[in-house]
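These notes concern the structure reproduced below.
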Amino acid sequence: MNYVGRFAPSPNGPLHAGSLLAALASWLDARAHGGRWLLRIEDVDRPRCAPGLDRIILRQLSDCALLPDEPPVWQSQRSALYQQALDQLLAHDLAYRCVCSRRQLRSAQGPPGQNRPRHAELIYPGTCRTRAPGASTGAWRLRTDASAPIGWNDRRLGPQQQDVHTQVGDFVLQRADGCFGYQLAVVVDDAAQGISDVVRGEDLCDNTARQILLQRCLGLPTPRYLHTPLVLGANGEKLSKQNGALAIDTSAPLAALNQAAAALGLPAQGGSPGDALYAWVAAWRQRWAPLYNPLP
Ligand code: GLU
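With the working numbering as the guide, the letters of the sequence shown map in order to residues 1190 to 1485.
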């Protein structure tokens, strides 16, 4: 089996219990399938990444004995690849310039207080689809169409479906400031790195349909997806950098790993982080491997 997994942290905060869980789950799934595990630093959104955090994350991972099989890659060094993909979409008239200002985007959402179903995010109404054909600045958006909804079978959550055109709208591929969008960068990198299996937190599940759509537009393969349970804070909310989740304490890596393992339904382990990981690979095979679907 040619299994290649990855962990792809954004260096906008140190690893917290939630991101460690995603790292551990993807590492265990790769090991349980005799596969390789890669690391990608997702620093494509430069303004939101703090200098030095990439090194801190790599250190936290190695303190937990989560070591990649190849040197990590940094998205900030891969712009040429993203540009190539954007050019390919442009050549097929699948992208267009958007010159809407923030104010215009906000007002397109309707009056303040109006209910917005999906994460309170704007469904872009396609204002610039025909408005700005000659614009030389602005963001690039994907031209979605009203084709069939995108469906996939998540290994943990089961059959999933999303109609990107009506539920998300034409999403951004490259921002007006030149930063490539997360969706485009992830899809290009997952394909370039030969990723067969994406294992990541359930909070990212909502991006999957957009990523599969982009894979289809670019003629790239679709990996398998497994979205892991989230670690909830004391207030019952998901842990995230945005709500101030604490960095894991890597002076006690086993305790941090045991907390993540418990959320994955794996038994507590003693010994060194390496010993614990070894024991969890066996447990993972029993608990999670039956959820494995061969690629079509
Ligand atoms: N960089 C994303 C994050 O840190 C994860 C992307 C992914 O796993 O697809 O939330």
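No residue lacks a Cβ here, since even glycine has one placed at the ideal position from N, Cα and C.
Remember, it's a predicted structure, so these values are computed and weren't measured experimentally.
To the nearest angstrom, how far is the alpha carbon of residue i from that of residue j?
i	j	result
Pro1456	Asn1447	8 Å
Ala1487	Leu1278	No information on residue 1487 is available, as it lies outside the stretch 1190 to 1485 that the chain covers here.
Gly1463	Cys1253	8 Å
Trp1329	Val1288	9 Å
Gly1202	Ala1436	8 Å
Pro1412	Ile1230	19 Å
Asp1243	Gln1349	33 Å
Ser1251	Ser1336	44 Å
Arg1476	Arg1345	11 Å
Ala1471	Gly1224	14 Å
Would the beta-carbon of residue i fall within 8 Å of that of residue j?
i	j	result
Leu1275	Gln1400	no
Leu1311	Leu1331	no
Leu1486	Pro1260	Because the chain spans 1190 through 1485 in this model, residue 1486 falls outside it and cannot be assessed.
Leu1217	Trp1469	yes
Leu1227	Pro1257	yes
Thr1417	Gly1390	yes
Ala1398	Val1361	no
Leu1403	Gln1372	yes
Identify the continuous alpha helix (DSSP H) that holds residue i and give its terminal residues.
i	result
Pro1418	First-last for Pro1418: undefined, no H or E at that position.
Trp1477	That residue, Trp1477, is in no alpha helix (DSSP H); it is neither H nor E in DSSP.
Cys1317	1317 to 1320
Leu1446	1442 to 1452
Could you check what DSSP says for residue i in three-state terms: helix, strand or coil?
i	result
Gln1382	coil
Cys1368	coil
Gly1463	helix
Gln1458	coil
His1281	coil
Ile1312	coil
Ala1328	strand
Arg1405	helix
Cys1287	strand
Val1387	strand
Arg1267	coil
Val1138	This structure gives no information on residue 1138, because the portion of the chain shown stretches from 1190 to 1485.
Val1546	Because the chain spans 1190 through 1485 in this model, residue 1546 falls outside it and cannot be assessed.
Within the continuous beta strand (DSSP E) that includes residue i, where are the two ends?
i	result
Arg1225	1225 to 1230
Val1361	1361 to 1363
Arg1237	Here Arg1237 belongs to no beta strand (DSSP E), and DSSP marks it neither H nor E.
Pro1194	The amino acid occupying residue 1194 in the given sequence is Gly; Pro does not appear at that position. Where Gly1194 is concerned, the enclosing beta strand (DSSP E) stretches over 1193 to 1196.
From the DSSP secondary-structure annotation, give me the bridge partner or partners of residue i.
i	result
Gln1349	Trp1341
Ala1436	His1205
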